[in-house]
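Protein chains in written order, with the working numbering: chain A, 354 to 456; chain B, -5 to 660; chain C, 183 to 353.
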Amino acid sequence: MQVGLTQILFLSTALFFIGVYGFLTRRNMITMLMAVELMLNAVNINFIAFNKYLWGGKLDGVFFTIFIIAIAAAEAAVAIAIVINIYRNFGSIDAEDADSLKL
Amino acid sequence: MTLLQINESLKALPVGEGLGGAVALIPLLPLASFLLLGLFGKKYFAKSGGIIGTLSLTGSAGLSLWTAFNYFFVSGKVAGVYQKLEVLKIQWLEFAPGVSIDIGLLLDPISVMMLVVVTFISLMVHVYSLGYMKGEDRFSIYYSFLSLFTFSMLGLVLSSNIFQIYIFWELVGVSSFLLIGYYFDKPSAVAASKKAFIVTRFADLGFLIGILVLAFHAETLDFGTLIQRLTDASSPQLHSAIANGLFGISALTWGLLLVFIGGAGKSAMMPFHIWLPDAMEGPTPVSALIHAATMVVAGVYLVARLFPVFALSCPGALEVVMYVGAASALFAAVIACTQTDIKRVLAYSTMSQIGYMMFALGVSGYGGENGLGFTASMFHLFTHAMFKALLFLGAGAVIHYVHSNEMGDMGGLRKKMPVTHLTFLIACLAIAGVPPLSGFFSKEEILTAAFHSNKLVYGIALFTAGLTAFYMFRLYFSIFWKREYSNHGGHEEEHGAHGEAPFTMKLPLMILGVLAIVTGFVPFGEFVSSDGEVLHSEFHLTMAIAPVVFGLVGIFVALMMYKSESNLPARVSVAMRGLYTGALHKFYVDEVYLFVTKKIVFNLIGRPSAWIDKNVVNGLVDAGGMFAQDGSEELSAWQSGKVQGYAIWFLVGVIALVVGFVFFAP
Amino acid sequence: MAVSNIIFYLLSALIIACGIMSVTSRQIFRSAIYLLFCMMGVAGLYFWMQYEFIAAVQIVVYVGGIVVLIIFSIFLTHRVGSDLAEPEYKRTLFAGLASLFAFLLFWSVIKRNEFFGEQPSGELSVRRIGEEMLNYKQGGFVLPFEVVSILLLAAMIGCIVIAMRAQTEKN
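Right under this line is the structure:
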């Protein structure tokens, strides 16, 4: 079948929801972060696909992707700093153990 | 209620302006002393509170005498008829045009007479208490309560508006409560003050309903207008009051009967009499003032105030008054023959004499010769105040000496307490109706009035007169004769040291003793009568013989039984066993009341109400609280602190929104 | 079947398979490596779509930066050798059902839509990207560029501050 926009969108949607499943299921904070990266990648694929197939003359999708990559990098760095801090203070990076903000 | 209005109303008097101011000052002086002693007494006037109270009362008494002189001899009469003067009238709360609660001072023969009686007896009691209550640590509080009572009673007698009299009625009840419960660490005193207040409050409910009924039909609350509208045969208010009714009794009768119920409660008439004997728990001067001479006659005063309505428009209610008064007089006299606590004997004697006053009003008509009962009742009120206060104060002196209330602890005191003995004897002779003392004249007038109107009541009154003489002299002989006085344990030195009584206690006794002798000669009809005109009452020798004979017989029987130790009383009580036991236990009226309240009211009304309150009302409130608490616990479980929990709900929310917008798009 | 289609299907199989393995693996290192392969697959996809610059950026930043960073943090926080804890059954079931349902929902929405207005794709040169990024006229991206640079500065400082051992703790 001719690969068109729809197939790429199928791929990105599937990848996104794989990331969602991983985020909801994983207990280790690092693995949750990995799932978040998957979700971000899926979104990137989405932007690039739309840019290529629908708005070929413009660069908006490309720039979105570039900025998302940059921001994802910054966010991953900050998240890992926080995780390391939590590990230092609580001794565990299990998401089930980090419930001090409960009522 | 501006000063301008007060000034205007004072200027509008037909009599001198000075009268208004002076009359207003009479209740205000005790009020000032109440406030002063009540607020600052403990700190600044702990010892001198008595002097201050007595001084303010002296002022009031002086002003009352001056007012009485002015009213009766100088300026009260217009064309030979005593006028009702409204000295002050300040409109306070207006409910409807014409129906308003005013604060006013009314001067008419009975209110001026009551002014003199109340202030004078109060002054005597103030002086007496200087000696009797000396050394009490709440001395100034006692005097402040006495001043409060005097203020309330004076306000009551001077009221020109039926609601105002109700306000002061309640105030008098409060003062009585405070004074009966003066020794608040004695549980019996606390119980007695509660009982007095609750019983009179219950009766006052009837009074209030009566006021409302009368005010509704007469469309006014002012005494003058009320009486005028309800006695004028052509007034529409009277017609409406008679035409409307419930259960076949007209509204006017209901109103008057309900008002009389209030008066019966305060005057300890059957069946509201139960509080009076227990009220003897208060200090004896208090009993002298409140429960002998002044407060308990408030009911009689109320009926006298509304007398034209009773006599002219509603003779049925007047008959009820008569029978209640006569029954109470007989009932109390029978019980008094068996009591051993001297203050209780005097309490029942008071109830009996007030019964006399009530039925004297009951047998009276209105106007001229028919109004003899009215004059007689007021005359008896006047003389009774003197000799009953004297009896109580003398009993107080005896109690002060013997440190006990029981007759069994007394005897032969005539040698130890000569002044008390003499004055007590004078008072007993007066109450027994022995001529030429005051009681004879007043009782004779009452009996004359009763004879001309209702023979049954006359017979009861005569028999009760005999009983009165009997139990009073039983009391006298048991205290002062009977046997040689021996104080148990032989504290002769102690008792000898303080002797009979201090001068402050003896002085009122002597003054009252003199008055008990001379007041009989006052030609009362000249001053007080049912319609204001002078009533010339003649002295009928034939009418006078019967009560004197009964009185002397009573004295003689008491002398036989009680003058010296004998077992005659014991044999008589065994012979009349049933009646004796019944009378000793006050005919079980208290037990009936207790039964009704405990078994019926508490169990059928009180307990279910408490159950409903605890379970249903509390349950509803608790259920609300539990609901909120459980709900909040449920909701707070959502705040688990776990990120993934939140994320799942986030996802679900987003899905829901997408489904909503895509498939059920607006 | 054109070769490009086959290549696409291979790449997407790689991406999805590695993605699933990454989120379900019980060993954390393997999970990280699967992530790495997934990223490489995405980069390959970008190459296939002839957006080479983005593919390069993806490899340099994502693979070479983020995944390496993740591996470093695994070193710092994980007792190497022990496996990851399993989530409870109920959670996986619920999450799996929710994800599946959401996926089908979104897929049905996408399927229903007719994408129109396909325009021919122009060449994507790095020169053009650079010009647009610093273009301050209409349609330029200099503002997001500056904002992102500030964001990167803040993130850098933030990371250092957060991860720094507080001096007072030692004393």
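Note that the Cβ used here is the ideal one computed from N, Cα and C, for glycine as well.
The count of Cβ pairs closer than 8 angstroms, one atom from the stretch 224 to 232 of chain B and one from the stretch 310 to 323 of chain B, stays below three, leaving the stretches out of contact. By the rule that beta-carbons nearer than 7 angstroms mark a contact, residue 167(B) does not touch chain A. Less than 7 angstroms divides the Cβ of residue 357(B) from the Cβ of residue 448(B). Residues of the stretch 637 to 650 of chain B that bring their beta carbon within less than 7 angstroms of a beta carbon in chain C comprise 642, 645, 646 and 649, in sequence order.
One Cα belongs to residue 312(C), the other to residue 391(A), and the distance between them is close to 27 angstroms. Taking the Cα of residue 78(B) as reference, the smallest distance to any Cα among 95(B), 155(B), 422(B) and 34(B) is reached at 155(B).
The alpha-carbon of residue 116(B) is positioned some 6 angstroms away from that of residue 283(B).
When beta bridges are read from the DSSP output, residue 100(B) appears opposite 80(B). Under the three-state reduction of DSSP, residue 269(B) is assigned to helix. Put simply, the CB of residue 615(B) is far from chain C, with every gap to its CB atoms at 7 angstroms or more. For the pair residue 308(B) and residue 109(B), the Cα-to-Cα distance works out to about 29 angstroms. The stretch 357 to 368 of chain B makes no contact with the stretch 407 to 426 of chain B, as fewer than three CB pairs between them are under 8 angstroms. For residue 426(A), the neighbours in chain C by C-beta distance under 7 angstroms run, in chain order, 243, 247 and 248. Closer than 8 angstroms at the C-beta level to chain C, one finds no residue of the stretch 597 to 630 of chain B. The beta carbons of residue 245(B) and residue 235(B) sit about 5 angstroms from each other, so the pair counts as a contact at 8 angstroms.
Classified as exposed, residue 558(B) has fewer than 16 neighbouring CB atoms from the shown chains inside 10 Å of its CB. Put simply, the backbone Cα of residue 383(A) is about 58 angstroms away from that of residue 608(B).
The residues 330, in chain order, have a CB closer than 6 angstroms to that of residue 343(B) in the same chain once the five nearest residues on each side in sequence are set aside. The beta carbons of residue 252(B) and residue 203(B) sit closer together than 7 angstroms. Look at residue 93(B) here: in three-state DSSP terms it is strand. In summary, the residues of the stretch 356 to 369 of chain A whose CB is separated from some CB of chain C by less than 9 angstroms are 356, 357, 358, 359, 360, 361, 362, 363, 364, 366, 367, 368 and 369, in the order they occur in the chain. If only complete runs of 4 or more residues are kept, the stretch 96 to 182 of chain B shows the alpha helix (DSSP H) at 103 to 126, 133 to 152 and 156 to 174, in order along the chain. Going by beta carbons, residue 391(B) and residue 414(B) fall inside the 7 angstroms limit.
In this chain, the alpha helix (DSSP H) harbouring residue 470(B) covers 449 to 474. In the DSSP assignment, residue 602(B) falls within the alpha helix (DSSP H) that extends over 601 to 605. Listed by position along chain B, the residues whose Cβ is nearer than 8 angstroms to that of residue 282(C) form an empty set, because the closest Cβ is around 11 angstroms away.
Beyond the five residues adjoining it in sequence on each side, residue 296(B) comes within less than 6 angstroms, by CB distance, of 257 in the same chain, given in chain order.
Interface criterion met: the Cβ of residue 289(C) is under 7 angstroms from a Cβ in chain A. By the CB criterion at 7 angstroms, residue 451(B) and residue 353(B) fall inside the cutoff. Take residue 150(B), set aside five residues on each side of it, and the residues of its chain with a beta-carbon closer than 7 angstroms to its own are 159, 162, 163, 166 and 292, in chain order. The Cβ-Cβ distance between residue 112(B) and residue 99(B) does not fall below 7 angstroms.
Three or more beta-carbon pairs separated by less than 8 angstroms link the stretch 419 to 428 of chain A to the stretch 392 to 400 of chain A, which places the two stretches in contact. For the stretch 408 to 437 of chain A, there is no continuous alpha helix (DSSP H) assignment of 4+ residues that stays within its boundaries. DSSP places residue 226(B) outside any alpha helix (DSSP H), giving it a letter other than H or E. The alpha-carbon separation between residue 177(B) and residue 126(B) amounts to approximately 14 angstroms. By the CB criterion at 7 angstroms, residue 15(B) and residue 173(B) fall outside the cutoff.
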